[in-house]
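J.: Numbering (the numbering used here), first residue to last: 802 to 1222. Where a beta carbon is used, it is the ideal one built from N, C-alpha and C, also for glycine. Right, I'll just put the structure down here and ask away after.
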């Protein structure tokens, strides 16, 4: 195979160049600083960001291989059928070569992540009406960002780097709770660049992911916004939903309370992407079992988390009626089913509660963004702050919300957050 230079192509990524030129002027996704809530945020689409129905439509475009199995379309086939083409830095590189060259392409991706992250930081500072000198704590999160991202994005600054696939946003909140004394009274800026389509297989997987950069700013942490409690759980894979490639048969242990380990955590220690079809790399997933796991394992674990929290924190309980559940799986139907089952569980255990249409509310982040992985939770927080259909802060009363992030590696990150106007 002819050797290709990633570095020589870096200036040719049209989507990112347009984003860099135009998106700072756009206010569509910006959340200006909210003095009574102490937060602001933003969401920058860096390229094509699809809605959930488009993802479903494109995922349905499949063909049978010589063994009769349904397999994903190649990038060329997908482009021919849909008129959509997306560049990948890995186009034309066999999966095994991706393993062997992962350091090289990670270095090639670094300037792209830095550009995306800096664009989001500029927007964050503008929305928050702050300068970089006023930021006390910097946090960068990413689904699978390259090594050196935090050092390059925040030169000379101490930044906390979370590389954790879908639960990355949940681990951000977990860090605020776990090391609360380090953050109380500080101005915090979190930025999550997700250039996921540049680092995964050049096939239909790219149809469901979006390239985005999300930011969330907290002024004087603890005054108006605070994480009251947080837990990270890895559910046992008793249903054999996942089949891990031999390359990852002994993934690193997950240590949510070990500060030396949390920096490198991903879903079950994996640093590559996965998709629900036969693959030469990463992991394989059983989609049907995964949906059942979401319906049962995630729901039961979350329900227990809330009940245990309410028993232990009678002065700061979560009101089920006012609760907002935030999640980020790409399948909107899965989330709606999840919401219905949650309602039934609450009604069974709490028959005294009267439900109206504004009972348990789930911001369907991915209904109109596609799957933006670890950034989804920050987008949901931004929407909660901006959109009163989810939470109405006008009464001036504290609102305690359950923020639930979970990923296909069967990793759950639950947090109770409080907005105190």
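Do the segment 1173-1189 and the segment 978-988 meet, that is, are 3 or more Cβ pairs less than 8 Å apart?
T.: No, the segment 1173-1189 does not touch the segment 978-988.
J.: I need the boundaries of the alpha helix (DSSP H) containing residue 776, first residue and last residue.
T.: Residue 776 lies beyond the stretch modelled for the chain, which goes from 802 to 1222, so this question has no answer here.
J.: What do you get for residue 1097, buried or exposed, if any count of 16 or more other CB atoms within 10 angstroms of its CB means buried?
T.: Against the chain shown, residue 1097 aligns to sequence position 296. With fewer than 16 Cβ atoms within 10 Å of its Cβ, residue 1097 is classed as exposed.
J.: Provide the residue span of the beta strand (DSSP E) that contains residue 939, from first to last.
T.: As a first step, residue 939 is located in the chain shown; it is residue number 138 there, counting from the start. Taken as a continuous stretch (DSSP letters only), the beta strand (DSSP E) holding residue 939 covers 938-943.
J.: Could you say if the segment 1023-1037 and the segment 941-951 meet the contact criterion of at least three C-beta pairs nearer than 8 Å?
T.: The answer is no - the segment 941-951 does not touch the segment 1023-1037, with fewer than three Cβ pairs under 8 Å.
J.: My guess is that residue 1019 and residue 839 are in contact by the Cβ rule of under 8 Å, so how many angstroms apart are they, rounded?
T.: Locating residue 1019 in the chain shown gives position 218, where the first residue counts as 1. Locating residue 839 in the chain shown gives position 38, where the first residue counts as 1. Residue 1019 to residue 839, Cβ: 6 Å. Contact.
J.: If I measure Cβ to Cβ from residue 833 and keep anything under 7 Å in the same chain, skipping five residues before and after, which residues do I get?
T.: Stepping through the chain shown from its first residue, residue 833 is reached at position 32. 841, 928.
J.: Leaving out five residues on either side along the sequence, give the residues of the same chain with a beta carbon under 7 Å from the beta carbon of residue 924.
T.: Mapped onto the chain shown, residue 924 falls at position 123. Closer than 7 Å at the Cβ level, and outside the excluded window around residue 924, lie 825, 831, 843, 845, 1016.
J.: To the nearest angstrom, report how far apart residue 1035 and residue 937 are at their CA atoms.
T.: Taking the first residue of the chain shown as 1, we reach residue 1035 at position 234. Taking the first residue of the chain shown as 1, we reach residue 937 at position 136. Approximately 31 Å between the Cα atoms of the pair.
J.: The beta strand (DSSP E) that contains residue 962, what's its start and end?
T.: Within the chain shown, the letter at position 161 stands for residue 962. Residue 962 -> beta strand (DSSP E) spans 960-964.
J.: Quick check on the burial criterion: 16 or more other C-beta atoms within 10 angstroms. Buried or exposed for residue 1174?
T.: Residue 1174 sits at position 373 when you count from the first residue of the chain shown. Looking at its Cβ environment, which holds 16 or more other Cβ atoms inside 10 Å, residue 1174 is buried.
J.: For residue 1202, count the other beta carbons within 10 Å of its own beta carbon; 16 or more makes it buried, fewer makes it exposed. Which is it?
T.: The residue given as residue 1202 occupies position 401 in the chain shown. Classification of residue 1202: buried, given that the 10 Å Cβ count is 16 or more.
J.: At what residues does the beta strand (DSSP E) containing residue 932 begin and finish?
T.: Here residue 932 is taken as the residue at index 131 of the chain shown, counted from 1. No beta strand (DSSP E) holds residue 932; DSSP gives it neither H nor E.
J.: Would you mind working out which of 972, 1204, 941 sits nearest residue 743, comparing C-alpha positions?
T.: Since the displayed the chain opens at 802 and closes at 1222, residue 743 lies outside it and no answer follows.
J.: Between which two residues does the beta strand (DSSP E) harbouring residue 979 extend?
T.: Working through the chain shown from its first residue, we reach residue 979 at position 178. Counting along the chain, residue 979 falls outside any beta strand (DSSP E), though it belongs to the alpha helix (DSSP H) covering 969-979.
J.: Give the straight-line distance between the Cα atoms of residue 972 and residue 1148, rounded to the nearest whole angstrom.
T.: As a first step, residue 972 must be located in the chain shown, where it is residue number 171. As a first step, residue 1148 must be located in the chain shown, where it is residue number 347. Going from the Cα of residue 972 to the Cα of residue 1148 covers about 30 Å.
J.: Run through DSSP, which three-state label would residue 1139 get?
T.: Mapped onto the chain shown, residue 1139 falls at position 338. Three-state result, residue 1139: helix.
J.: Alpha carbon to alpha carbon, how far is residue 1119 from residue 914?
T.: If you number the chain shown from 1, residue 1119 lands on position 318. If you number the chain shown from 1, residue 914 lands on position 113. Approximately 37 Å between the Cα atoms of the pair.
J.: What does the alpha-carbon distance come out to for the pair residue 1105 and residue 1213?
T.: Walking along the chain shown from the start, residue 1105 turns up at place 304. Walking along the chain shown from the start, residue 1213 turns up at place 412. If you take the alpha carbons of residue 1105 and residue 1213, they lie about 13 Å apart.
J.: Look at the alpha carbon of residue 959 and the alpha carbon of residue 1178, and state the distance between them as a whole number of angstroms.
T.: Locating residue 959 in the chain shown gives position 158, where the first residue counts as 1. Locating residue 1178 in the chain shown gives position 377, where the first residue counts as 1. Straight-line Cα distance between these residues: approximately 23 Å.
J.: So, residue 943 versus residue 994, is the Cβ gap smaller than 8 Å?
T.: Here the question's residue 943 lines up with position 142 in the chain shown. Here the question's residue 994 lines up with position 193 in the chain shown. Yes, these two residues count as a Cβ contact at 8 Å.
J.: Could you work out which residue in 1110, 1103, 988 is closest to residue 1142 when comparing CA atoms only?
T.: For the purposes of this step, residue 1142 is taken as residue 341 along the chain shown, with counting starting at 1. The candidate whose alpha carbon is nearest that of residue 1142 is 1103.
J.: Assuming residue 1022 and residue 970 form a contact by the criterion Cβ under 8 Å, report the distance between their Cβ atoms to the nearest whole angstrom.
T.: For the purposes of this step, residue 1022 is taken as the residue at position 221 of the chain shown. For the purposes of this step, residue 970 is taken as the residue at position 169 of the chain shown. No, residue 1022 and residue 970 are not in contact; Cβ-Cβ is about 16 Å, not under 8 Å.
J.: Cutting at 8 Å between CB atoms, please list the residues of its own chain near residue 1145, excluding the five before and the five after it.
T.: Taking the chain shown and counting its residues from 1, the one referred to as residue 1145 is at position 344. If we look at residue 1145 and ignore the five residues flanking it on each side, it has no Cβ neighbours.
J.: Using alpha carbons as the reference points, say which of 1138, 1217, 1033 lies closest to residue 1114.
T.: Position 313 of the chain shown holds residue 1114. Here the closest residue by C-alpha is 1217.
J.: Nearest by alpha-carbon distance to residue 963: which of 992, 1140, 956 is it?
T.: Locating residue 963 in the chain shown gives position 162, counting from the first residue. Considering only alpha carbons, the answer is 992.
J.: Take residue 895 and list the residues in its own chain whose beta-carbon comes closer than 7 Å to its own, dropping the five residues that flank it on each side.
T.: Locating residue 895 in the chain shown gives position 94, where the first residue counts as 1. The pLDDT assigned to residue 895 is 39, lower than 50, so where the model puts this residue is not dependable, and the model offers no usable value.
J.: Where does residue 912 fall in DSSP's three states?
T.: Stepping through the chain shown from its first residue, residue 912 is reached at position 111. Residue 912 falls in the helix class under three-state DSSP.
J.: Among 968, 955, 918, 835, which has the Cα closest to the Cα of residue 1206?
T.: The residue labelled residue 1206 in the question sits at position 405 within the chain shown. That would be 968, whose Cα lies nearest to the Cα of residue 1206.
J.: Which of the three DSSP states is assigned to residue 1097 in this structure?
T.: For the purposes of this step, residue 1097 is taken as residue 296 along the chain shown, with counting starting at 1. Reduced to three states, the DSSP call for residue 1097 is helix.
J.: What do you get for residue 1157, buried or exposed, if any count of 16 or more other CB atoms within 10 angstroms of its CB means buried?
T.: Along the chain shown, read from residue 1 onward, the residue named residue 1157 stands at position 356. Because residue 1157 carries a pLDDT of 39, less than 50, the predicted location of this residue cannot be relied on, and the following value inherits that uncertainty. Residue 1157 is exposed by the Cβ-count criterion.
J.: Would DSSP call residue 919 helix, strand or coil?
T.: The residue given as residue 919 occupies position 118 in the chain shown. In the structure shown, residue 919 sits in a helix (DSSP, three-state: H, G or I).
J.: Roughly how many angstroms lie between the CA atoms of residue 931 and residue 917, to the nearest whole one?
T.: As a first step, residue 931 must be located in the chain shown, where it is residue number 130. As a first step, residue 917 must be located in the chain shown, where it is residue number 116. Going by the C-alpha atoms only, they are around 19 Å apart.
J.: Measure the C-alpha to C-alpha separation of residue 1111 and residue 935 and round it to an integer number of angstroms.
T.: One-based indexing of the chain shown puts residue 1111 at position 310. One-based indexing of the chain shown puts residue 935 at position 134. One C-alpha to the other measures close to 36 Å.
J.: Measure from the alpha carbon of residue 1014 to the alpha carbon of each residue in 1221, 946, 974, 1024, then state which is nearest.
T.: Counting from 1 along the chain shown, the entry for residue 1014 is found at position 213. When each option's Cα is compared against that of residue 1014, the closest is 946.
J.: Can you tell me whether residue 951 is helix, strand or coil according to DSSP?
T.: As a working note, residue 951 is residue 150 in the chain shown. Helix at residue 951.
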